[in-house]
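To start, the structure itself, in structure tokens.
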Amino acid sequence: MGRVLGLAERLWAGFSYSRKQCLANESALFDHLLKDRGLKWVAHDTPVTSKPDDVVHSVTVNGDATGGVDFVLVHGFANGGGCFFKNIAALGDMKLGRTHLVDWRGAGMSGRPRGEFPPTNEDEAIEYFVDGLEAWRRARLGADGAFVLLGHSMGGLIAAHYADRHPDRVRGLVLAGPAGVKAADPARIAAFKRRSLRHRFFWAVATVLWNAGATPQAFARALPFRWSPSAVRGYATRRWRALEFLDGDANAFDALVEYAAGVIMMRGVSERSMSLLLKPLGQARTEIGPVVERTPADLPVTFLYGAHDWMSPASGAEVVERMRANGRANVRCAILDDAGHYAFVDQPEKSHEVIEHALRKARWR
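Position one of the sequence shown corresponds to residue 1 (UniProt numbering), numbered consecutively onward.
Rendered as structure tokens:
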């Protein structure tokens, strides 16, 4: 299945979205988001290895600010730093330091090296992403640079492992709707498959496709050229639901849709990590709950969920309860009403309150 999709991608998608075009879309988006706010932004490509396309892309807002916090946000699956479009200006307005939107290695606007995704197992996949973020930190913040780290969804999984492997570099950890907090519940899966023959068939097909490395993006890129861009733009439009997210600014919304479509339509690289890091339907292969719990005792940790987040707010709340029971007073779980998996988009003002609290509580030595 993966080879068939790969062939179709090469036949069609390469004609529609180059990285150069996608970076132009990103530029249009950030220009719209930060116009009239007095906030400067700059994009960087940071090499990870000697391979020309193996670069981590980032956007820094308020980069000229002196003192304060370096705040790094890492996006989720099938996304880029632009997913924080409702938060970028507000974070800059806090005047607490510099905001860095860092795209995963091989995702977002980061380079998409040709060839196979190097990792072959879970540990290698985690190392691949952690090494990319660490290369960015050393290049952009210096050998001794430290920061507050927010990761959304799959970015939360990566953020947790980064904080575990580089504890001296993280001054605060915010996990927004993180993936992989809790492992799959065998009883729940068994109950799902018992519901009907259709559910058993769905599970079997989903498992085969998942383990083959098939992703929604790969299917989108495999569509014939005349269908693929419009289908992806339609998905991006529905994903962000309505123009009110951008205060009725039609030009900004168009820029967001083109940006999101480009993220999906560029050559797939690190999206292949999904089947290595998660089981079918997003269940954890290895729980990150224990990973978060073994972070340094003085590290402030915040879980941020929408009440309707499919990643299960209860899982994060359980981790916080265990940490508090072990004497960790600087941890919290914030669950926002009327919000889903993108709580920072659905409820930006309330999310900013949670984030600002985390930034002010960050440990700085």
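We put the CB at the ideal spot given by N, CA and C, even for glycine.
Closest Cα partner of residue i within the set the options
i: residue 140; options: 179, 341, 47, 110; result: 47
i: residue 286; options: 309, 63, 52, 126; result: 126
i: residue 204; options: 357, 326, 279; result: 279
i: residue 82; options: 324, 296, 261, 298; result: 261
i: residue 284; options: 211, 294, 181; result: 181
i: residue 144; options: 121, 170, 162, 122; result: 170
i: residue 276; options: 49, 129, 19; result: 129
i: residue 212; options: 97, 339, 271; result: 271
i: residue 367; options: 340, 51, 80; result: Within the shown structure, residues of the chain are numbered from 1 to 365, placing residue 367 beyond reach of any answer.
i: residue 346; options: 84, 34, 69; result: 84
i: residue 86; options: 52, 49, 29; result: 29
i: residue 333; options: 306, 50, 359, 215; result: 306
i: residue 122; options: 301, 343, 149, 274; result: 274
i: residue 329; options: 312, 299, 342; result: 299
i: residue 136; options: 34, 119, 120, 162; result: 162
i: residue 115; options: 66, 51, 168, 44; result: 51
i: residue 22; options: 35, 57, 40, 49; result: 57
i: residue 230; options: 257, 251, 362; result: 257
i: residue 49; options: 167, 24, 313, 105; result: 105
i: residue 90; options: 112, 314, 107, 36; result: 36
i: residue 107; options: 41, 259, 362, 314; result: 259
C-alpha gap between residue i and residue j, whole angstroms
i: residue 288; j: residue 183; result: 9 Å
i: residue 268; j: residue 218; result: 7 Å
i: residue 378; j: residue 308; result: Examination of residue 378 is not possible in this model, given that the chain is present from 1 through 365 alone.
i: residue 99; j: residue 63; result: 7 Å
i: residue 38; j: residue 31; result: 11 Å
i: residue 133; j: residue 147; result: 12 Å
i: residue 290; j: residue 327; result: 15 Å
i: residue 337; j: residue 178; result: 17 Å
i: residue 208; j: residue 201; result: 11 Å
i: residue 304; j: residue 294; result: 19 Å
i: residue 253; j: residue 297; result: 42 Å
i: residue 17; j: residue 97; result: 34 Å
i: residue 13; j: residue 360; result: For residue 13, the predicted structure reports a pLDDT of 48, less than 50, and the residue's modelled location is therefore unreliable. The matter cannot be settled from this model.
i: residue 357; j: residue 198; result: 47 Å
i: residue 266; j: residue 70; result: 29 Å
i: residue 216; j: residue 263; result: 12 Å
i: residue 26; j: residue 325; result: 44 Å
i: residue 173; j: residue 301; result: 5 Å
i: residue 372; j: residue 88; result: This structure cannot settle anything about residue 372, because the visible part of the chain is limited to 1 through 365.
i: residue 109; j: residue 20; result: 10 Å
i: residue 138; j: residue 176; result: 25 Å
i: residue 117; j: residue 54; result: 11 Å
i: residue 343; j: residue 79; result: 15 Å
i: residue 367; j: residue 92; result: Residue 367 is absent from the structure shown; the chain starts at 1 and stops at 365.
i: residue 160; j: residue 316; result: 12 Å
i: residue 331; j: residue 165; result: 19 Å
i: residue 95; j: residue 67; result: 10 Å
i: residue 24; j: residue 149; result: 27 Å
i: residue 44; j: residue 34; result: 17 Å
i: residue 249; j: residue 60; result: 23 Å
i: residue 112; j: residue 119; result: 15 Å
Backbone secondary structure at residue i - three-state DSSP
i: residue 18; result: coil
i: residue 161; result: helix
i: residue 117; result: coil
i: residue 264; result: helix
i: residue 152; result: strand
i: residue 352; result: helix
i: residue 279; result: strand
i: residue 284; result: strand
i: residue 146; result: coil
i: residue 181; result: coil
i: residue 130; result: helix
i: residue 234; result: helix
i: residue 292; result: helix
i: residue 306; result: strand
i: residue 311; result: coil
i: residue 359; result: helix
i: residue 345; result: helix
i: residue 316; result: helix
i: residue 207; result: helix
Identified DSSP bridge partners for residue i
i: residue 44; result: 58
i: residue 331; result: 301
i: residue 96; result: None; residue 96 has no bridge partner.
i: residue 72; result: 100, 149
i: residue 172; result: 148
i: residue 376; result: In this structure the chain extends from 1 to 365, so residue 376 is not present and cannot be described.
Neighbour flag for residue i against chain C, beta carbons, 8 Å
i: residue 359; result: The structure shown has no chain C; it contains just one protein chain.
Residue i Cβ short of 7 Å to the ligand NAD heavy atom set
i: residue 292; result: With respect to the ligand NAD, the structure offers nothing, as it holds no ligand at all.
Is the stretch 149 to 157 touching the stretch 58 to 76, taking contact as three or more C-beta pairs under 8 Å? yes
The stretch 307 to 326 / the stretch 347 to 354 touching (three or more Cβ pairs under 8 Å): no
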